[in-house]
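What follows is a single structure, written as structure tokens, with notes after it.
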Amino acid sequence: MVILTLNCGSSSAKYQVYDWNKKEVLATGVVERVGAEGSCITHKAKGKKTETASPCPTHKEAIELIIKMLTDKDVGVIDDMGVIEAVGHRVLHGGDKFTKSVIITKEVLETFRSVQDLGPLHNPANIMGIEAAQKVLPNVPHCAIMDTAWHQTMDEVAFMYAVPREWYTKYSARRYGFHGTSFLYTSKRAAVLLGKKPSETNLIICHIGNGASVCAVKNGVCYDTSMGITPLEGLVMGTRCGDLDPALPFYIMRKTGMSADEMDKALNKKSGLLGITDGKFSDDRDIEQGAAQGDKLCQLAIDMRCFRLKKYIGAYKAILGRVDAIVFTAGVGERGPVTRAASLEGLEEIGIKLDAQKNEWSFGGNAETCISADDSPTKVFVIPTDEELVMTEDAYALTKGTYDVHTNFTYSFQDPNYVNKAREEGFKADLVKRPNMAKIVAKPPMGK
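Heads up: the sequence shown begins at 26 in the numbering used here, then just goes up one per residue.
The following block contains the structure:
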């Protein structure tokens, strides 16, 4: 059985093709600049990368381009689309309507439309991608995997805002949280590495990339999270501001005459690390390089991001009490020793002790590592996320009728003997440049 997963953004369409029987990834790729000039596809398969320019005025053409690449006689991985038996779609916002992944029906699509005001930058693109894929692949089940579903275990005390009650009852204004698929994967893997059942595990998971959020996991489920009604709340991100005084936008709008749409763009696209560095950088690599060369704004950006992250870690330690592990994941979390070190500095008094050398050794997206000191009461793990695998397994189980909410469902990666073949090969290559990583690979306790 071959499963296709799609993640359609406002101007992009990412994809992965997975052979369920062989348990291996056949191809990955992305179509960029959908709806604009210069659209192109980057396709990775058979150890090769292929880049091809092709007009994609809508997501329909993008999906057709993906299919053309997948079936190409030279770089393709399947003979025809008939071998694909299911499609998994990532959907940013399901509101409070879904607690788990679902097979997409007309009613489900209408629900996505009804809540798209909650995710105006992402949900319309998600819906367009689903409809385009359904037209091209009309005879296979299409499944929705929602970022918000994981967070539906939060209690009212965590998800409600202290605003007029009717804002919630009439307009669904509450905290929803995002990065749920990543949190699901890394929480299950952390439980394996701890040798514990997920239901016995308390974690603080830091998903740090261009977008970033923290999740407090209590007894294996989401207890609180840093993002809110949209992905704007919480941490300092690449171009998003994160937490701020709600009066600040009104103050600037009165001073400058900015419209609501202009303010929305400024907070989402021109703030965060980009705003701190005066519009120069939003990528951590550029910022760390700038800081090393003496750029004070770059250093300020690093300090502010890590200061905010540390505050959330401390706060979540307070509400959880016992914390079994801190988990870092996503691009910066997996490859950012500077960020990891600064955000955990000084937390020894609350049982979180980083090993500086192990932290420096851990770099890359292929191995799970333990970077805490040997005598640290709380473990610190770096766990590369795998949202695509969660999407694939959910889609497979939905088509077979075996799927359930994650607390009643067991994923393949919860097996202590689970191996990601592609990452295993990638880690061998990593060791050529970073041989010391072999010393810090995290493994489940013996006998578990």
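No residue lacks a Cβ here, since even glycine has one placed at the ideal position from N, Cα and C.
Taking Cβ to Cβ, would you say residue i is nearer than 8 Å to residue j?
i: Ser224; j: Thr264; result: no
i: Thr302; j: Leu273; result: no
i: His232; j: Gly361; result: no
i: Ser212; j: Gly245; result: yes
i: Ile312; j: Ser387; result: no
i: Ser126; j: Ala174; result: yes
i: Pro409; j: Asn384; result: no
i: Leu146; j: Ser307; result: no
i: Cys168; j: Ile128; result: yes
i: Asn235; j: Met252; result: no
i: His114; j: Asn164; result: no
i: Met171; j: Cys33; result: no
i: Asp455; j: Gly389; result: yes
i: Ala70; j: Leu51; result: yes
i: Arg330; j: Thr364; result: yes
i: Ala381; j: Ala367; result: no
i: Tyr210; j: Phe438; result: yes
i: Gly144; j: His176; result: no
i: Leu269; j: Asn293; result: no
Taking the C-alpha atoms as reference points, what is the distance between residue i and residue j?
i: Val352; j: Ile229; result: 6 Å
i: Lys222; j: Pro149; result: 38 Å
i: Val217; j: Asp286; result: 45 Å
i: Met416; j: Ser284; result: 38 Å
i: Lys39; j: Glu156; result: 15 Å
i: Cys266; j: Ala463; result: 37 Å
i: Thr178; j: Ala241; result: 11 Å
i: Asp44; j: Asp411; result: 16 Å
i: Ala350; j: Asn227; result: 7 Å
i: Asp478; j: Thr77; result: Any answer about residue 478 is impossible in this case: the structure gives the chain only from 26 up to 473.
i: Asp419; j: Val59; result: 27 Å
i: Val140; j: Tyr186; result: 18 Å
i: Ile92; j: Val42; result: 11 Å
i: Gly259; j: Arg279; result: 25 Å
i: Val430; j: Gly304; result: 43 Å
i: Leu369; j: Gly376; result: 11 Å
i: Ala340; j: Leu414; result: 31 Å
i: Lys243; j: Thr354; result: 18 Å
i: Glu374; j: Pro441; result: 32 Å
i: Ser238; j: Asp142; result: 21 Å
i: Cys395; j: Ala215; result: 10 Å
i: Met471; j: Tyr436; result: 21 Å
i: His84; j: Val161; result: 11 Å
i: Tyr421; j: Ile88; result: 21 Å
i: Glu181; j: Pro271; result: 21 Å
i: Cys65; j: Lys73; result: 17 Å
i: Ser79; j: Glu132; result: 34 Å
i: Lys458; j: Val112; result: 37 Å
i: Lys335; j: Val348; result: 15 Å
i: Lys47; j: Glu450; result: 16 Å
i: Phe434; j: Tyr428; result: 7 Å
i: Asp328; j: Phe275; result: 27 Å
i: Thr30; j: Thr67; result: 16 Å
i: Tyr193; j: Thr130; result: 27 Å
i: Asn461; j: Glu393; result: 13 Å
i: Glu191; j: Phe332; result: 35 Å
Write down the C-beta distance between residue i and residue j rounded to the nearest angstrom, noting that I regard them as a contact closer than 8 Å.
i: Ser397; j: Val405; result: 4 Å
i: Leu423; j: Pro189; result: Their Cβ separation, rounded to whole angstroms, is 39 Å, which puts Leu423 and Pro189 out of contact at 8 Å.
i: Ile338; j: Leu379; result: Actually they do not touch by this definition, with Cβ atoms about 12 Å apart.
i: Leu117; j: Phe184; result: That belief does not hold up - the Cβ atoms of Leu117 and Phe184 are roughly 17 Å apart, past 8 Å.
i: Leu298; j: Ala326; result: 5 Å
Measuring alpha carbon to alpha carbon, tell me which residue in the options is nearest residue i.
i: Gly107; options: Thr96, Asp455, Arg365; result: Thr96
i: Cys81; options: Thr75, Lys93, Val56, Gly72; result: Val56
i: Leu345; options: Met94, Asn151, Cys247; result: Cys247
i: Lys468; options: Leu292, Leu219, Gly282; result: Leu219
i: Gly63; options: Ser37, Lys336, Lys290, Leu257; result: Ser37
i: Ala61; options: Thr30, Glu191, Lys335, Glu86; result: Glu86
i: Thr255; options: Thr194, Met94, Asp289; result: Asp289
i: Ile28; options: Asn433, Pro460, Ala291, Lys425; result: Lys425
i: Glu49; options: Met26, Thr75, Ile277; result: Met26
Does the region 197 to 217 come close enough to the region 310 to 326 that 3 or more CB-CB pairs lie under 8 Å?
no
State whether the region 388 to 403 contacts the region 97 to 109, with contact taken as three or more CB pairs (one from each stretch) at a distance under 8 Å.
no
Between the region 434 to 453 and the region 133 to 144, are three or more C-beta pairs nearer than 8 Å?
no
Inspect the CB distances between the region 81 to 98 and the region 114 to 131 and report whether three or more fall short of 8 Å.
no
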